[in-house]
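First the structure, in the form of structure tokens, and then the observations on it.
In this note's numbering, the protein residues as written are 1 to 253.
Structure below.
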């Protein structure tokens with residue numbers, strides 16, 4: 001009887017251990033990707049109209065109402081200056097922002113969605129017609145300027161789009177994450193070699209940190225800024241024939 005009890009207890013312990021490992025493994029599995037569906041209203045725009053940018057954010061078919069950040073970045077084709085406007089949650093995973101555009105022409109808009117450890121971004125071309133009815137052809141989604149505000153890079157004819165996301169409230173002499181999301185031809189640029197180069201003001205000494213791809217097209221590196229000041233962070237990207245870089249400004253208090 002005693003041996004039977006010991007055997008039963010041993011089997012129970014093995015079963016509980018197996019269940020615990022299974023639950024632990026399930027907990028470590030990545031969640032379903034966050035999806036984003038973009039719309040623009042009205043579809044036929046005339047100069048002076050107010051356009052509504054909208055994106056519906058879901059995960060595993062369910063609306064995401066707790067996105068960390070949703071914003072829209074838009075600019076006229078050929079212009080370096082970009083405007084960025086934050087989006088507001090309307091409910092059921094839908095985030096919107098409105099913008100009045102006074103000049104006819106060809107435009108681009110990027111949505112940026114950061115939610116549940118995922119980042120989504122997509123570039124969409126659109127056209128604003130003149131009041132007289134004259135139309136302008138919408139640009140191709142991979143045409144125009146790169147969407148960041150940094151110094152122009154070089155890419156041997158290739159166009160790389162950047163979304164640079166440093167950690168919030170970076171402190172001096174404290175490791176902080178720098179993240180960059182890369183797109184090429186409106187698709188995530190994965191399996192690239194990415195480095196962060198950074199320096200303060202006119203300092204001759206530059207520091208380099210290798211970035212690790214944490215998701216398709218998303219690269220992260222831990223950087224420690226030694227003293228306060230205005231820094232330049234240059235993102236270097238290499239993949240095949242692509243050799244590109246972009247500069248971004250970062251102020252450390």
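Here a beta-carbon is modelled for each residue, glycine too, at the ideal position from N, C-alpha and C.
Excluding five sequence positions before and after residue 175, the CB atoms of its chain that fall closer than 8 Å to its own CB belong to 222, 223 and 224, given in chain order. For residue 232, the closest of 106, 220, 245 and 109 by C-alpha to C-alpha distance is 245.
Within 10 angstroms of the beta-carbon of residue 104 lie 16 or more other beta-carbons, which makes it buried. Between residue 74 and residue 109 a beta carbon distance of about 4 Å is seen, short of the 8 Å cut, so the two are scored as contacting.
Looking at the DSSP output, residue 245 shares a beta bridge with 236.
Residue 71 carries a strand assignment under DSSP once its states are collapsed to helix, strand and coil.
Assigned with DSSP and collapsed to three states, residue 171 falls in coil, not helix or strand. The C-beta of residue 119 has 16 or more other C-beta atoms within 10 Å across all chains shown, which makes the residue buried.
For residue 253, the closest alpha carbon among the candidates 242, 226 and 213 is that of 226. One Cα belongs to residue 95, the other to residue 84, and the distance between them is close to 15 Å. With respect to residue 182, residue 237 sits close: the two C-beta atoms are nearer than 8 Å. Closest option to residue 201, judged by alpha-carbon separation, among 188, 173 and 234: 234. Selection 97, 131 and 160 evaluated against residue 243 yields 160 as nearest (Cα-Cα). Counting only the Cα atoms, residue 116 lies some 24 Å from residue 171. No Cβ-Cβ contact shorter than 8 Å links residue 193 with residue 131. Sequence-distant Cβ neighbours of residue 50 in its own chain, meaning closer than 6 Å and more than five residues away, are 98 and 100.
Note: residue 220 is bridge-paired with 179 and 212 in the DSSP secondary-structure output. Of all alpha-carbon atoms in 106, 88 and 68, the one lying nearest the alpha-carbon of residue 168 is that of 68.
In this model, residue 80 and residue 33 are separated by some 32 Å (Cα to Cα). Cβ-Cβ separation between residue 72 and residue 111: approximately 6 Å, consistent with a contact (criterion under 8 Å).
Judged by DSSP in its simplified three-state form, residue 227 adopts coil rather than helix or strand. Leaving aside the five residues that flank residue 188 on each side, the residues in its chain whose CB is nearer than 6 Å to its CB run, in chain order, 216 and 217.
Within the region 37–82, the complete beta strand (DSSP E) runs of at least 3 residues fall at 50–59 and 69–76.
Looking at the backbone, the Cα of residue 113 and that of residue 36 are separated by about 8 Å. Rounded to whole angstroms, the gap between the alpha carbons of residue 76 and residue 102 is 11 Å.
Its Cα nearest to that of residue 53, the residue 90 stands out among 64, 198, 90 and 62.
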